[in-house]
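> Residue 4 is where the sequence shown starts when you use the working numbering, and the numbers rise one by one after that.
Quick reminder that beta carbons are idealized off the backbone N, C-alpha and C, glycines included.
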Amino acid sequence: MDLAAALTLVLSTAVLVAIPGPNVALIVGNTLRHGLRHGAATVAGTTLGVALQVGLVVAGLAALLDLAGWALHWLRWAGVVYLLWLGVAAWRRGAEGLAPAEPPRCPPLRLVGQGALVAAVNPKTLLFNAAFLPQFVAPEGGAAALAGVAGLYLTVLFAGDLLWALAARRARRWLQGAGRLRHRLTGALYLLAGTGLALARLPR
Numbered sequence: 004m005d006l007a008a009a010l011t012l013v014l015s016t017a018v019l020v021a022i023p024g025p026n027v028a029l030i031v032g033n034t035l036r037h038g039l040r041h042g043a044a045t046v047a048g049t050t051l052g053v054a055l056q057v058g059l060v061v062a063g064l065a066a067l068l069d070l071a072g073w074a075l076h077w078l079r080w081a082g083v084v085y086l087l088w089l090g091v092a093a094w095r096r097g098a099e100g101l102a103p104a105e106p107p108r109c110p111p112l113r114l115v116g117q118g119a120l121v122a123a124v125n126p127k128t129l130l131f132n133a134a135f136l137p138q139f140v141a142p143e144g145g146a147a148a149l150a151g152v153a154g155l156y157l158t159v160l161f162a163g164d165l166l167w168a169l170a171a172r173r174a175r176r177w178l179q180g181a182g183r184l185r186h187r188l189t190g191a192l193y194l195l196a197g198t199g200l201a202l203a204r205l206p207r
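Here it is as structure tokens:
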């Protein structure tokens, strides 16, 4: 991949990251609820989930989606239910009053798994990655060149999502004394992530 192609990939991925989707909603929601460390753990998880999808693309296994579509379908809906449950729970916490409450401790590793699940079971991103990444590989490039493109793509994706977490940390400080508003906003973001994942249907 030449310099021009690399710059195009970086800019295209940056634009993609700037458009909020289920992953970004989850990252911001977890950062608002738990803090930057947990938000960064979520970023690590969503990047891992996308990396699993990209790995399928690099290995040429995207066609397995047709064979195992039913499993992906049920995994996706499990993720939707989980996110909606988180959203309702956070929204109800916002009804308790304006006094800020310290959120329950949550191991960052759990949020890594949560982020990986949400990212990996989104069929729309799998199909997007399968169509997007090969465009930056010359016909004679092969799997090694595609792996290099995937590495750059994931690096930009991770950095961009981390910026979302940093922005959410600033918002969290501003909302620190407004318990109800913070919990309601967190709940709305979880609900948005769940809705986005539910709407990510495979084209027929």
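1. In its own chain, which residues sit with a C-beta less than 8 Å from the C-beta of L208, not counting the 5 before and 5 after it?
2. Check I30 in the structure and name its three-state DSSP category.
3. For V115 and T16, which I take to be in contact (beta-carbon distance under 8 Å), what is that distance rounded to the nearest angstrom?
4. Classify P126 as helix, strand or coil using the three-state DSSP reduction.
5. Helix, strand or coil: how does DSSP classify G38 here?
6. Rounded to whole angstroms, what's the CA-CA distance from V84 to L29? Just pull it up for me.
7. The alpha helix (DSSP H) spanning L14 covers which residue range?
8. Using alpha carbons as the reference points, say which of G118, A153, D164 lies closest to A134.
Result, derived from the coordinates:
1. Here the chain comprises residues numbered 4 to 207, so residue 208 is not present and cannot be evaluated.
2. helix
3. No, V115 and T16 are not in contact; Cβ-Cβ is about 21 Å, not under 8 Å.
4. helix
5. coil
6. 14 Å
7. 6-21
8. Answer by Cα proximity: A153.
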